[in-house]
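Here my numbering is used: the first residue of the sequence shown is -19, the next is one more, and so on.
All C-beta atoms, glycine included, are put in the ideal place defined by N, C-alpha and C.
On a predicted model such as this, the values are computed, not experimentally measured, just so you know.
Contents: one structure, followed by commentary.
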Amino acid sequence: MMENERTIKPIKRRHVRRFKRRKKMKSTSIYFLLWTVFTALSLFIVLFSSVMQRIIFVRSYKEEAARKVSEKGKLIEQILRSNQLPSWAGGNYSGYLRFLAQSYDVRLYLLSGTGEVLFPQEQNFDPSAPEISDKRDFSDKIELLLQKLNEADGKSALYETEHEYVYAAKLVVPGSERYLYVGSSLELMETAVASMSVRMWLVSVFVFALSFAITSAVAGILTKPISEITKKAGALGRGDFDVDFYGADYCKELAELAKTLNFARDELSKTDQMQKELIANISHDFKTPLTMIKAYASMIMEISGDIPEKRNKHALIIVDEADRLSSLVGDVLDLSKISSGIAGLDESTFNMSAYTRQMLDRFTYLRDTAGYRFITDIDEGLFTRADKGKIGQVLYNLISNAVNYTGADKTVYIRLKKESENTFRFSVTDTGKGIKKEELSTIWDRYYRSKEVHKRPVRGTGLGLSIVKTILQRHNLTFGVESEEGKGSTFYAVFQIYSEV
-19 MMENERTIKP IKRRHVRRFK RRKKMKSTSI YFLLWTVFTA LSLFIVLFSS VMQRIIFVRS
41 YKEEAARKVS EKGKLIEQIL RSNQLPSWAG GNYSGYLRFL AQSYDVRLYL LSGTGEVLFP
101 QEQNFDPSAP EISDKRDFSD KIELLLQKLN EADGKSALYE TEHEYVYAAK LVVPGSERYL
161 YVGSSLELME TAVASMSVRM WLVSVFVFAL SFAITSAVAG ILTKPISEIT KKAGALGRGD
221 FDVDFYGADY CKELAELAKT LNFARDELSK TDQMQKELIA NISHDFKTPL TMIKAYASMI
281 MEISGDIPEK RNKHALIIVD EADRLSSLVG DVLDLSKISS GIAGLDESTF NMSAYTRQML
341 DRFTYLRDTA GYRFITDIDE GLFTRADKGK IGQVLYNLIS NAVNYTGADK TVYIRLKKES
401 ENTFRFSVTD TGKGIKKEEL STIWDRYYRS KEVHKRPVRG TGLGLSIVKT ILQRHNLTFG
461 VESEEGKGST FYAVFQIYSE V
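The structure is reproduced here in structure tokens:
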């Protein structure tokens, strides 16, 4: 238990942190986010470029400085090892060393093993050299020099100190063991780097200001259509179905969004209209039987109460209207339960062929009393798995719909045919006037009724096809309608084949 708690607590903390981040992001405007991202990106590019430029410059400068001081140091070393002064030097060794230092633009020193400066400050080294009041102490540098020479097996060494590159070598001049120290200052590089840093900060400030101006303009351009769409969406949410989301489509993505929102607007408008029609139709359908029940109950009380024949006739009308009212209430409740998922699916495997014939028996009275013909083409032994009761509602409602809309020949075709090894198709065809193309997308809506005049021998509530659609969707079954004006309509559903149990 303790291990589970230790595992759960870090997970909870992560979720809390994630929730806080999301909450913070939701409270931040897209304008500010765009400005922050663009500005940060611009500054990052400038700073990154500056840093990389500085690194490359310093590296290149040092490599070049090292190469040059090495070349100059080797040349000076060779000259000093020869122990031969040019005739024009007049035997002035110290003066010749100064000439070499100036010619090669380096700092040149001769040191003793203890760091004592022999050139250019020690008169004992060259009595002809003038005395220099500025005494230099190389005791702290001779130790590093000796270390580098030892690492180089006593040969010449090239190394970097705090402010210069040094070429060091061991010499015998003249007749004594000395150490050559040739330095090339890095002050120029340091000055250039300092100047570069100043320029970098100045450029950063300029880029920040420029980014602020540009990103503010760009963010404004990008967020303006989003703000317009948000404003129009708010109006749509308040029931204004006249809003047009086009006009805020400044790019492909926003054009797609505007198209989608306009489609949603049209669908919401249709839904709103259907909802109003639904309320009006239900109110009318509830009111009609209630009015009839009240009227005939009053007639029984006032007129036909003592006349058995009339009383029974009026009472039968009350019963019929009560049945009609009960059917309407049942359909509304069924649709509500199925749509909301309250009514679960009680699935079982059953014989669809036999069940279809059984359902057709409920329409026998129409064949016997009203002359309707039901022509069937049913393959035997087709089993499926579904909620048998709800599929019965589908079959009954589709056949009822065909009866209501079939032509003057009063013919309805019912087919149950195998399509493949795994599926079979149930279809109902009427011979009526068909459905207009513009109405095909709305026939499954609640309270859809064709504008064509039709007879209604089967009492309906206008919710039949909507119930069919909801049940088949809950079963994840394919369904649809095929219709052509003047040639009737075919409603169908495709079922999966299951083995007989």
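Residue environment for Gln127: exposed (fewer than 16 other C-beta atoms within 10 angstroms of its C-beta). Around the Cβ of Asn63, a 10 Å sphere holds fewer than 16 other Cβ atoms; the residue is exposed.
Excluding residues up to 5 positions away in sequence, Asp359 and Arg405 lie with their Cβ nearer than 6 Å to the Cβ of Lys397 in the same chain. Looking at the DSSP output, Arg405 sits in a beta bridge with Lys397 and Val474. Measuring C-alpha to C-alpha distances from Ser156 to each of Leu98, Phe475 and Gly134 identifies Leu98 as the nearest.
Residue pairing from DSSP places Asn331 in a beta bridge opposite Phe363. With 16 or more other CB atoms across the displayed protein chains lying within 10 angstroms of its CB, Leu452 is buried. Around the beta carbon of Leu216, 16 or more other beta carbons sit within 10 angstroms, so the residue counts as buried. When DSSP assignments are scanned along the stretch 28 to 100, the uninterrupted stretches of alpha helix (DSSP H) that are 4 or more residues long and fall wholly within it turn out to be 73 to 84. When the five nearest sequence neighbours on each side are left out, the beta carbons in the same chain lying within less than 6 Å of the beta carbon of Leu65 are those of Tyr76, in order along the chain. Cβ-Cβ distances below 8 Å link Ala295 to Tyr276 and Ile280 in the same chain, with the five nearest sequence neighbours on each side left out; the list follows chain order. Bounds of the alpha helix (DSSP H) holding Asp348 are Thr344 to Thr349. As DSSP reads the structure, Asp252 sits in no beta bridge. Beta-bridge partners assigned by DSSP to Val461: Phe471.
Glu465 is positioned such that its CB atom lies no closer than 9 Å to that of Ile423.
One alpha carbon belongs to Val461, the other to Thr251, and they sit about 21 Å apart. By the CB criterion at 9 Å, Thr195 and Leu14 fall inside the cutoff. For the pair Glu399 and His455, the Cα-to-Cα distance works out to about 19 Å. By the CB criterion at 9 Å, Arg87 and Glu144 fall inside the cutoff. If you check the CB distance, Ile394 and Thr336 come in under 9 Å. By the beta-carbon neighbour count (other beta carbons within 10 angstroms, threshold 16), Arg158 is buried. Ile423 carries a coil assignment under DSSP once its states are collapsed to helix, strand and coil. Taking the C-beta atoms as reference points, Leu138 is found no nearer than 9 Å to Ser40.
The alpha-carbon of Thr458 is positioned some 10 Å away from that of Gln476. Val299 sits in a helix when the DSSP states are folded into three classes.
Contact between Ile56 and Tyr84 holds, with the beta-carbon distance rounding to 7 Å and staying under 8 Å. Exposed is the label assigned to Glu480, since fewer than 16 other Cβ atoms lie within 10 Å of its Cβ.
Ile201 and Ala174 have their C-alpha atoms spaced approximately 40 Å apart.
If the five residues before and after Leu375 are omitted, its C-beta is found closer than 6 Å to the C-beta atoms of Met339, all from its own chain and listed in chain order. As DSSP reads the structure, Lys150 sits in a beta bridge with Tyr159. The three-state secondary structure of Leu138, taken from DSSP, is strand. Rounded to the nearest whole angstrom, the CA to CA distance from Ala132 to Val187 is 49 Å. In the DSSP assignment, Ile358 falls outside any alpha helix (DSSP H) and lies within the beta strand (DSSP E) extending over Arg353 to Ile358. Beyond the five residues adjoining it in sequence on each side, Gly53 comes within less than 6 Å, by CB distance, of Tyr147 and Val162 in the same chain, given in chain order. If you check the CB distance, Leu443 and Val383 do not come in under 9 Å. The alpha carbon of Phe12 has as its nearest neighbour, out of Leu182, Ser191, Arg179 and Ala149, the alpha carbon of Ser191.
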